[in-house]
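*Asks:* Position in the sequence shown (from 1) plus 189 gives the number in the numbering used here.
Here a beta-carbon is modelled for each residue, glycine too, at the ideal position from N, C-alpha and C.
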Amino acid sequence: MANLSDIEIASQVEMDPIQDIAASVGIPEEDLSMYGKYKAKIDINNMKDLDDASQRGKLILVTAITPTPAGEGKTTVSVGLVDALSNIGKKAAIAVREPSLGPVFGIKGGAAGGGHSQVVPMEDINLHFTGDFHAIGAANNLLAALLDNHIHQGNALNIDTRKITWKRVVDMNDRQLRHIVDGLQGRVNGVPREDGYDITVASEVMAVLCLSNNITELKSKLRKMIVAYNMDGDPVTAGDLKAEGALTALLKDAINPNIVQTLDHTPAFIHGGPFANIAHGCNSILATKLALKYADYAVTEAGFGADLGAEKFIDIKCRLANMQPDAVVLVATVRALKMHGGVKKTDLNEENVEAVEAGLPNMKKHIDNIQNVYGMPVVVAINKFPNDTDAELAVVQKACEDLGVKVALSDVWGKGGDGALELADAVVEAADQPNNFGFVYDLEDSIEEKLTKIVQKVYGGDGVEFTRGARKQLSELERLGFTDLPICMAKTQYSFSDDAKKLGAPTGFTVKISNLKVSAGAGFIVAQTGAIMTMPGLPKSPAAERIDVDENGNISGLF
């Protein structure tokens, strides 16, 4: 079994009918819209008490130390943890993001866990699933078509075609589409202009869907999305184009969360998937609220490290959803710590205790942030890899114990939920500890103050600096009245700083803000640092080259 691929392991498990999975936590079959035998959508129109905090279970946020190209397995740990909680007799469920086709066919692969800690049906989840991403892409592109059609039909809104901010999207890594010129070949084909594509998970429509509490709020947020600016410098919105009704119609099913199951038949709510280094990187508010309503322990995760994903989970999602985690799991690996300690990826399989010790400041900074900036109890989960040595693991365990932090080995890739029983016990204990949850900044702070607090308190830097263009954008955002919105930092996931090469826990740096853009529908300001790509490209050897289907329709090569 140990040598089987993820998809081979998943294909050997006999899944339970999805109505049985839903019934195990009290969701009646009449609230399900079936998508075959093993996946369904849950009709939120029948969920009238999702905001009743008295009926909520404990919320467990899974995050990680600063990621490296070696991979940390945060989703794998999350799935293993929820199965372990079930195995120790707790009523548990998990809420995570849907995978994007870009990484599936690119370099990262799927996002449904791994080994014996997966969510299934694995191939469905990683491919078309229930069509949510297609609906989001269609809504995004309908708005783009309405915008260009309005300009073609006379431009009554006096849109400045040099200040169009809305791009079309496709859920694929395709660098060829980053910068294009369209509307060519004469007046009948539109107005020529520079344009470009983003990947679907970078669309504001994705963020809006994930941050909406109901369909009425969804429509309201869609209406506020800014697509361009007019000749006077004022925003032009989807509402100005009379688009929100049609967009909502395309999304009326997509807003309903999906339910599937883990390999151990624990309920899994998978819904939405904004990128974590571009957008806020969390599954939908609705999926998380469903998990909290129907489980005593709801496990969820935030994208990338605790400086990026967890900060946005707290300062954006928790604000809008009126929720807070009861405990945080920080996933660490010996491999990542060795890379932060200066070891090259090619040398990770060799024991190097000194490098592990040299990488510990990164983990300690994240622990400090969770405890003293976010104000929550933390448990460190060491995600065990086959080449980790006892001496290396002991270094990490001792560092946590010296800090008075609970630490547990996680061997869920090889053992499933049984590989995280100690972690589950520690999480249950931590969730009952005192919680001084707090935000990094106040909404009343200025935009610059919010950015400065994130950099100083979370990243450990000295502050921020703005390019000339970003400073001008800052003034415009203040003029237009967007000062009270939270911040969505778009920066490299590989460093606390905006420089991916600064590993460990760097200090004495400033973060350069190169672009400020309001996502008025989603309700946050995107602060871009460095060269953040909203349309990734494929690697030299894409994962797509190794995916195949046999004569019986069985898929291989997904991971």
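Which term fits residue 337, buried or exposed, when burial requires 16 or more other beta carbons within 10 angstroms of its beta carbon?
*Replies:* buried
*Asks:* So is residue 246 buried or exposed if we call it buried at 16+ other beta carbons inside 10 Å?
*Replies:* buried
*Asks:* Is the segment 366-382 close to the segment 397-414, with three or more CB pairs under 8 Å?
*Replies:* No: the two stretches stay apart, fewer than three of their Cβ pairs being nearer than 8 Å.
*Asks:* How would you write the range of the beta strand (DSSP E) that residue 387 sits in, first residue to last?
*Replies:* Element bounds for residue 387: 386-388.
*Asks:* For the 8 Å Cβ check, are there 3 or more pairs between the segment 573-585 and the segment 533-548?
*Replies:* yes
*Asks:* Please tell me whether residue 295 and residue 395 are closer than 8 Å, where the distance is taken between their beta carbons.
*Replies:* At a Cβ-Cβ threshold of 8 Å, residue 295 and residue 395 do not count as neighbours.
*Asks:* Could you give the uninterrupted runs of the alpha helix (DSSP H) lying entirely in the segment 205-289, keeping only those of 4 residues or more?
*Replies:* Qualifying alpha helix (DSSP H) stretches, in chain order: 207-212 and 263-276.
*Asks:* Could you check if residue 284 is buried or exposed, using at least 16 other CB atoms within 10 Å of its CB as the buried criterion?
*Replies:* Answer is buried; the Cβ neighbour count reaches 16.
*Asks:* Taking the alpha-carbon of residue 703 as reference, which of 654, 695 and 696 has the nearest alpha-carbon?
*Replies:* 654
*Asks:* With a CB to CB cut of under 7 Å and the five nearest residues on each side skipped, what residues in its chain are close to residue 429?
*Replies:* 346
*Asks:* Can you check whether the CB of residue 612 is closer than 8 Å to the CB of residue 211?
*Replies:* Taking a C-beta distance under 8 Å as the contact criterion, residue 211 and residue 612 do not qualify as a contact pair.
*Asks:* Assign residue 219 to buried or exposed, taking buried as 16 or more other Cβ atoms, counted over all protein chains shown, within 10 Å of its Cβ.
*Replies:* exposed
*Asks:* Expressed to the nearest angstrom, what Euclidean distance is found between the alpha-carbon atoms of residue 426 and residue 433?
*Replies:* 10 Å
*Asks:* Could you give the residue range of the alpha helix (DSSP H) that holds residue 589?
*Replies:* 579-591
*Asks:* Distance, Cα to Cα, residue 364 vs residue 615?
*Replies:* 44 Å
*Asks:* Tell me where the alpha helix (DSSP H) around residue 349 begins and ends.
*Replies:* Segment 348-353 is the beta strand (DSSP E) holding residue 349; no alpha helix (DSSP H) there.
*Asks:* Determine, using beta carbons only, whether residue 752 and residue 281 come nearer to each other than 8 Å.
*Replies:* With the chain covering 190 to 748 only, the question about residue 752 has no answer from this structure.
*Asks:* According to DSSP, is residue 361 part of a helix, a strand, or is it coil?
*Replies:* coil
*Asks:* What residues in its chain sit with their C-beta under 6 Å from that of residue 223, if we drop five residues either side in the sequence?
*Replies:* 229
*Asks:* If you reduce the DSSP assignment to three classes, tell me which class residue 662 lands in.
*Replies:* helix
*Asks:* Cutting at 7 Å between CB atoms, please list the residues of its own chain near residue 675, excluding the five before and the five after it.
*Replies:* 504, 505, 508, 632 and 713
*Asks:* DSSP state of residue 456, grouped into three classes?
*Replies:* strand
*Asks:* Can you name the start and end residues of the beta strand (DSSP E) that residue 477 belongs to?
*Replies:* Per DSSP, residue 477 belongs to no beta strand (DSSP E); it is in the alpha helix (DSSP H), 474-483.
*Asks:* Whole angstroms is fine: what's the gap from residue 449's alpha carbon to residue 651's?
*Replies:* 45 Å
*Asks:* Using a Cβ-Cβ cutoff of less than 8 Å, which residues in the same chain neighbour residue 724 once the five nearest sequence positions on both sides are dropped?
*Replies:* 362, 363, 364, 366, 367, 385, 386, 387, 388 and 391.
*Asks:* From 255, 693, 465 and 259, pick the residue whose C-alpha is nearest to that of residue 716; which is it?
*Replies:* 465
*Asks:* What are the residues that DSSP puts in a beta bridge with residue 424?
*Replies:* 418
*Asks:* According to the neighbour-count rule (16 or more other Cβ atoms, all chains shown, within 10 Å of its Cβ), is residue 453 buried or exposed?
*Replies:* buried
*Asks:* Residues in its own chain within less than 8 Å of residue 625 by CB, not counting five upstream and five downstream?
*Replies:* 564 and 565
*Asks:* Whole angstroms is fine: what's the gap from residue 697's alpha carbon to residue 649's?
*Replies:* 8 Å
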